[in-house]
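To start, the structure under review is shown below, and the notes come after it.
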Amino acid sequence: MKLDAHIPSGPLTQKWDQHRFDMKLVNPANKRKFDVIVVGAGLAGASAAASLAELGYNVKCFCFQDSPRRAHSIAAQGGINAAKNYKNDGDSVHRLFYDTVKGGDFRAREANVHRLAQVSVSIIDQCVAQGVPFAREYGGLLDNRSFGGAQVSRTFYARGQTGQQLLLGAYQALSRQIGLGRVEMYPRTEMLELVVVDGHAKGIVVRDLINGVVTSHAADAVVLATGGYGNVFFLSTNAKGCNVTATYRAHKMGATFANPCYTQIHPTCIPVSGDHQSKLTLMSESLRNDGRVWVPKRKEDCGKTPASIPDSDRDYYLERKYPSFGNLAPRDIASRAAKEVCDEGRGVGPGSLGVYLDFADAIARLTEPVVRERYGNLFDMYERITGENAYQQPMRIYPAVHYTMGGLWVDYNLMSNLPGLFVLGEANFSDHGANRLGASALMQGLADGYFILPYTIGHYFASQKQTRITTDHPEFKKAQETVSARTRRLLAVKGKRTATSIHRELGKLMWEHCGMARSKESLTAALQKIPALREEFWSNVRVTGENGSLNQDLEYAGRVADFLEFGELLCLDALTREESCGGHFRVEHQEAGECKRDDAHFSHVAAWEYQGEGKSPTRHIEPLTFDEVHLATRSYK
Amino acid sequence: MKLDAHIPSGPLTQKWDQHRFDMKLVNPANKRKFDVIVVGAGLAGASAAASLAELGYNVKCFCFQDSPRRAHSIAAQGGINAAKNYKNDGDSVHRLFYDTVKGGDFRAREANVHRLAQVSVSIIDQCVAQGVPFAREYGGLLDNRSFGGAQVSRTFYARGQTGQQLLLGAYQALSRQIGLGRVEMYPRTEMLELVVVDGHAKGIVVRDLINGVVTSHAADAVVLATGGYGNVFFLSTNAKGCNVTATYRAHKMGATFANPCYTQIHPTCIPVSGDHQSKLTLMSESLRNDGRVWVPKRKEDCGKTPASIPDSDRDYYLERKYPSFGNLAPRDIASRAAKEVCDEGRGVGPGSLGVYLDFADAIARLTEPVVRERYGNLFDMYERITGENAYQQPMRIYPAVHYTMGGLWVDYNLMSNLPGLFVLGEANFSDHGANRLGASALMQGLADGYFILPYTIGHYFASQKQTRITTDHPEFKKAQETVSARTRRLLAVKGKRTATSIHRELGKLMWEHCGMARSKESLTAALQKIPALREEFWSNVRVTGENGSLNQDLEYAGRVADFLEFGELLCLDALTREESCGGHFRVEHQEAGECKRDDAHFSHVAAWEYQGEGKSPTRHIEPLTFDEVHLATRSYK
Amino acid sequence: MNLTLKIWRQKDAKDIGGFETHEVREVNPDMSFLEMLDVVNEGLILRGIEPIAFDSDCREGICGACSLVINGTAHGGHKATTACQLHMRKFSDGETITVEPWRARAFPMVKDLVCDRSAFDRIIQAGGFVSVSTGGVPDANAIPVAKEDSDQAMDAAQCIGCGACVAACKNASAMLFVAAKVSHLALMPQGKVERERRALNMVAQMDTEGFGACSVTGSCEAVCPKEIRLDFIARLNREYGRALLHRGGG
Amino acid sequence: MNLTLKIWRQKDAKDIGGFETHEVREVNPDMSFLEMLDVVNEGLILRGIEPIAFDSDCREGICGACSLVINGTAHGGHKATTACQLHMRKFSDGETITVEPWRARAFPMVKDLVCDRSAFDRIIQAGGFVSVSTGGVPDANAIPVAKEDSDQAMDAAQCIGCGACVAACKNASAMLFVAAKVSHLALMPQGKVERERRALNMVAQMDTEGFGACSVTGSCEAVCPKEIRLDFIARLNREYGRALLHRGGG
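Chains as they are written, first to last, in the working numbering: chain A, 36 to 672; chain B, 36 to 672; chain C, 10 to 259; chain D, 10 to 259.
Rendered as structure tokens:
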């Protein structure tokens, strides 16, 4: 298989404009003849569904939540980047492009990233026009703040609820189209199979979560915007419902899965407090603008109250190691630095797995009311979860799985190697390379949905001789049968373990063997243990209830089954990538504790092709070339 | 010494964008760790202080006036240029660039001028956002007018008080930052020494003008925005307080002074009326849009009332000599033409040093109310000063010293040859070459302060290993001692002449020997007379009062002392530049009465390095190359 | 800590339903309420009993999925706290806790603690948006918005659509929900253009869905996890009145 | 022409001060008033006497530095004329002229004819601006402004901050100064966004600085060298009232 990214020729800065001109168009009057399925209603899915419907396509949109307003995009706190340079502090499309390529440790496509930076400015305009209440200055213009990994203030925000407000903007645009009858919305409906006919994606099979009824839906294109796979680690900042099922099942139908080993560990989460925990909670990265990260210089001081440790006995390790970025070092760097000091025995709090994020200086400099205005809701959230008042004592934070840069492989048009299957947002692998910068996830999701797919999908339609497929096609029957068989099998095991307990075991295994640090040894061990655990699942899981009604246990078990296969792929990818880059840290490949890339052998995307149960997947590569940004060791010192 | 202008490589139109990207940045959270001193609160100083504070730097701003709202930028009448092409009359960034390079008689840096033209459009946006009440059309959009030296209407204006409104905009932005505690403002405080440590500018020594207390202020960078040196001629359109002290004392600490001989004589000032005069008053150049300049064709008619001279006996000499620009010929051209007709004995008014600026045709064409609306405040001002009604009889005008294109040498980043010393606005030499176009001074001051320094200063900070200097450093002690010694010396002379009388004598000497026309002979004479006058000053000046209280006599004497040294440098530069260009007219180098440049030998900046008292300064050159604009004889015919 | 749970169980919309009692042992006070339910459910599964169905997703108080009436109060009655962010340290050892679903005619029951809140979506579909399509919009800084207006709009825009306001209201009124969206958009220049149409259409849809009338008791404000203020209802009434005046109908 | 000057001399803020009489000979009627004082001062210096301190800078009526009460009237009482633009031809040969500084509690004395007007700066710092930072603003033609509004704003914006209005007012009120800035910015769309906050903060600062109340006698308008109109005070009162109504406090 040859992976052709279809990157337009011509100078980088003109590729997208030229490509938009070169792409074929669907006549306005003909758009209503095309049906599009959008799976997922987060930022990428909702913005795509709304925009496609506005253009005149017939859209069906599916989500497993009870309303499209609940997708986990809603939980993004910090903000959204855009190269507006409203602050006159040196930003530009080129700088956002450069920062993103560098931040991704030179493992993203230049052309995609440049387009993302270009489109970023339109996103802000669009969201403001929708009524998103971004933070304003007193003069009425938009406020910005800085964010991890950037030396300019380019992040637009709405208090600590930017994701919520952007999602509601997209949800409202989608709702408008639903109200107009241009989008048919299917909430509480889960995609369980992708249907491929003659190599083209032509529909999906879904389960109505209320009554268990399985139905088929045919279309001229299928768009997956189903988020990331962070919950393969069980504990992550993702919502409980986040899962890999839609993308993994598409993978099993032939879509290649790119760079699954690129996972992002976010440095500012509330540390784990016990075995009962169902998820981890992120504290917005924006806290690092004013909070200072430290641990005691000496192990002996770790048990003391932080106030009793004088400044001279504290190690502000980010400021020390990365003076020019300080507490705003990128996520992967900050996370590893926290792990390092904890590994040295200098961690604080339960299990010594925590570092301080201290606002004492900020309160002295800015006063408590100002700190409260900036971060009050985050301090409140911290107190609700930990019972501690962060105005009086430092927060404790620790890294946690947060985002996954890997995803289904897509070309420049966001189309997977299966024609007609488009993948957007966190579900694809495209723009962040091996590490994502703060406030860039919202940007990418909305770029894909509002400003990229609406152009590229038309090109696909206009370029193909369309054959109209209906749900009577045998492939739909086959897919429906696959679904039923899987359900029957899950209900039939009647074993002695809950799906949760197996998922928790998988997560612990993944975190320990393939988390912040990975080695040949740990990965090899994981690749032995995962199949065994999968075996345990299929022989000993207990799934209660029946198919014909709301059955959350059944839904969940199906997702865990996919994680148990996908986790193996992730570890295999990590084992094969014999270098360190961004969020992928192989202990064998480091230089003074920092990532050591191997550009000679690994400047490429690894995209895995499914070969059938029990067979090793095939690794394909798409070489990455860097014409604009000089390949260099990524330094934030 | 090698003067490296640090002009970015690459195509002219992309230099600034590329440079902005290439420059290092200071992380937003780190900006608060840098202290910046800004001296001067005119357009350049106030806009810089406000913008730097907005970015997060700690700013101290100093001015000798009682409020930052009084700097002499406030007196600029006519307008501000910007390449908006709102009039659809053919303007563009390239045309503004071209006009400015040509207007400067090919003695400015192409790269600087192009950047200025690019940035001009943002300035107008910025000022409008601040609430500057620019003139509007009835449709609500901005009005423009044309201005000397331009063939398009690109000048934005606020009645005849554009400088006032722009300065108040910058003053208000500055006031906002003062109110927020981000700028510490020191009014009635005069900078008397620059402090240099290990070759870097690290602070200043100032005198509190109310109580005479001398204090030191350390910083990571010093920004001088202290205006021009036109008052070396005693009579000029500058404010009484304008002086060369800040830049000249920085020069004595090692900053090279570039092109001091480039002085601009403005053609439309109210003529001198007697020996008592303390300053000259400009009548806005905008008057030339509708007023026609003439003198009688015959000497004999000069005493007649103008109304009695028929059209056929009048010489509309600008229209005659420069048919394509007519009354809008650039300032240097128009000034020399006025001198020429007066030298021929055809001048009008007292001393025959005046020409008519006649609105009779304009009133006939437009009606008196329209002329009143456009220029009423200027006509009123003319009447207040002369007692004459210009609606009924022509104004009399004559050239006067108005602006100085020379100034401290700076590189593309606006940094002098002393690292950490930045120079903005009229105080630097950078953008106008040998002659400034009308409405370009406000543009340059605001470009420097709002849109250039905020970028380049960060690059300096981020590129240097910063060493924190405090005012305990011996260099501060030394500078304070220099100040005290100078004060003691001035008060100790107790001679028989006022500082005013010596300054007036210097001014007359400069005007006669180094004014609108200069020759080897006149300059050689001046270079003999100035040291003698300086000697007279130090042996025979009378400075009354004491140091410990408000002492305007003492303040002034210190400034005159600097003019007495600086005047010599100006003449030396004029003598050395063996060509004519722009405002520098060497009678030996002319062709049919026009400037004759010598590009082979003088296409360069001359930057003078101070070598100590009594020693000749060293002349360094920075070659000027013209890649975009073809070097040509400047013609406005 | 040990607790007694009295939990509402109901097989489906047609079932009549009733309380079931569960004893829970060794509850860690750092658990969230939903994590405590997870533990109960794991116990049920191992005993072959269908676990208690309840909605939840983000578990950080922002998605609005969770919807439990705890001890008679929507979300359990702690200031600005959804059920998923309520921690067990807020309860006493030995306490008996009742857990019920939202109950309102316009929110039909689905199963156990799960109800159908799609009426809220239909109200938004009726007009809770600015009618701009993707592309062709002005620069984001083209229209200044006073910080105070923007802040107020944000206060309203924070609504997570959980429906606690309806659950708490003796009339099962959706006024606070509708008021939050109408106010958010009416407070910003972008949304002012179609404010009248929006208010009329959303109120009409609210009535159609069968929500009750507002008698301004303030019980909605009291339980709102995002502290949406009652005065937005006053604003909605003004907006609606204004719209009626200008457009008639209603 | 020959003149007798009665000039206020005061060594410093603590000194009690008093008038000093100077005879001036051969004054050229084309001189400005300040040039006449320059001549007097040169005479004093040559006699070893400290010259009369007075503020001046641009000497063309725009910087607002000069601040002389001449014959009992701020700036000398000629229409639209600052002291620096007042020419001696306006006086009669042999006339006795009194020259005093601005006198107001909020403008403390510094020396001779110099007083401290920094209270004006602090009023501007409290709110006399549009809160936009450099960069990120819309195109200058994005918001049309009616020519009439722009012209009126310019009428107000012309204020040179000299303080003559305060010096002329029997209550030493700064209302005309504050009114000019509040009106300038409230008249333009850019400034409307924060008009309420601005009016409240500037008036509060004016009160803090110790300026007196306005009793609308119009003496300020009469001496204003930029002819700022009394009706801007009416506008300020409206702006302030509006702000109080909407925001409370005050």
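Beta carbons are placed, not taken as given, at the ideal position from N, Cα and C, and that holds for glycine.
Item: Secondary structure at D125/C, three-state DSSP: helix, strand or coil?; Value: coil
Item: When we look at the beta-carbon of I58/C and count the other beta-carbons within 10 Å, is it buried (16 or more) or exposed?; Value: exposed
Item: Since D102/C contacts N11/C with CB under 8 Å, what's their CB separation in whole angstroms?; Value: 6 Å
Item: For E556/B, does the count of other Cβ atoms within 10 angstroms reach 16, so buried, or fall short, so exposed?; Value: exposed
Item: For the stretch 111-129 of chain A, enumerate the residues whose C-beta is nearer than 7 Å to any C-beta of chain D, in chain order.; Value: K119, N120, Y121, K122, N123
Item: With respect to the beta strand (DSSP E) encompassing E262/C, which residues constitute its N-terminal and C-terminal limits?; Value: Absent from the structure is residue 262/C, since the part of chain C shown begins at 10 and ends at 259.
Item: Show which residues of chain D have a CB atom less than 7 Å away from the CB atom of L176/A.; Value: V141, G145, V146
Item: Under a Cβ-count criterion, where at least 16 other Cβ atoms within 10 Å of its own Cβ denotes burial, should D47/C be classed as buried or exposed?; Value: buried
Item: Indicate whether the contact test is met: 3 or more Cβ pairs, each with one atom in the stretch 309-323 of chain A and one in the stretch 38-47 of chain C, closer than 8 Å.; Value: yes
Item: Counting only runs of 4+ residues fully inside the stretch 196-252 of chain B, write out the alpha helix (DSSP H) ranges in chain order.; Value: 197-214
Item: Specify whether the stretch 156-173 of chain A and the stretch 155-163 of chain C touch according to this definition: at least 3 beta carbon pairs, one from each stretch, less than 8 Å apart.; Value: yes
Item: Given a threshold of 16 other Cβ atoms within 10 Å of its Cβ, counted over all protein chains shown, does E104/C qualify as buried or as exposed?; Value: exposed
Item: Measuring CA to CA, which of F63/D, D64/D, I71/D is closest to K235/D?; Value: I71/D
Item: What does a CB cutoff of less than 8 Å around E613/A pick up in its chain, not counting 5 residues either side in sequence?; Value: R621, E623, H624, D633, H636, F637
Item: Helix or strand or just coil, what does DSSP make of S182/D?; Value: strand
Item: Using a Cβ-Cβ distance cut-off of 8 Å, determine whether P434/B contacts chain D.; Value: no
Item: For T668/A, which three-state DSSP category applies?; Value: coil
Item: Taking just the CA atoms, how far does Y490/A sit from R55/A?; Value: 7 Å
Item: Select from L87/A, F141/A, A164/A the residue whose C-alpha is nearest the C-alpha of N470/A.; Value: F141/A
Item: Roughly how many angstroms lie between the CA atoms of G259/C and N582/A, to the nearest whole one?; Value: The pLDDT assigned to G259/C is 46, lower than 50, so where the model puts this residue is not dependable, and the model offers no usable value.
Item: Using beta carbons (cut-off 8 Å, strictly below), is P341/B in contact with chain F?; Value: Here chain F cannot be found, since the structure's protein chains are A, B, C and D.
Item: Going by other Cβ atoms of all chains shown within 10 Å of its Cβ, with 16 needed for buried, is I565/A buried or exposed?; Value: buried
Item: With 8 Å as the threshold, decide whether the Cβ of V232/D is near any Cβ in chain A.; Value: no
Item: I need the boundaries of the beta strand (DSSP E) containing I487/B, first residue and last residue.; Value: Note, I487/B: premise wrong, no beta strand (DSSP E); not H, not E.
Item: Identify the contact partners of G184/A in chain B, using a Cβ-Cβ distance below 8 Å as the criterion.; Value: Those do not exist, as G184/A stays about 10 Å from chain B at its closest Cβ, beyond 8 Å.
Item: For G195/A, tell me which candidate among D415/A, G45/A, V71/A has the shortest Cα-Cα distance.; Value: D415/A
Item: E408/A versus chain D: which residues are under 7 Å apart at the beta carbon?; Value: Correct list: empty, because the minimum Cβ distance to chain D is about 16 Å.
Item: Indicate whether at least one CB of chain A lies closer than 8 Å to the CB of E248/C.; Value: no
Item: Determine contact between the stretch 450-464 of chain B and the stretch 228-246 of chain B, defined as no fewer than three beta-carbon pairs at a distance below 8 Å.; Value: yes
Item: Compare the C-beta of L363/A against all C-beta atoms of chain B and say whether one is closer than 8 Å.; Value: yes
Item: Which residue spans inside the stretch 101-146 of chain D form an unbroken alpha helix (DSSP H) run of at least 4?; Value: 127-136
Item: Please name the residue in L526/A, D39/A, P306/A, M430/A whose C-alpha comes closest to that of R323/A.; Value: M430/A
Item: Rounded C-beta distance between A79/A and P103/A? I'm assuming under 8 Å.; Value: So it is not a contact: roughly 12 Å between Cβ atoms.
Item: Hey, could you find the ends of the beta strand (DSSP E) P509/A is sitting in?; Value: That residue, P509/A, is in no beta strand (DSSP E); its alpha helix (DSSP H) goes 509-528.
Item: Answer yes or no: does any C-beta atom of chain B fall closer than 8 Å to that of L278/A?; Value: According to the sequence displayed, residue 278/A carries Asn and not Leu. It does not; no Cβ of chain B falls within 8 Å.
Item: Run through chain D and tell me which residues come within less than 8 Å of N37/C, C-beta to C-beta.; Value: Correct list: empty, because the minimum Cβ distance to chain D is about 47 Å.
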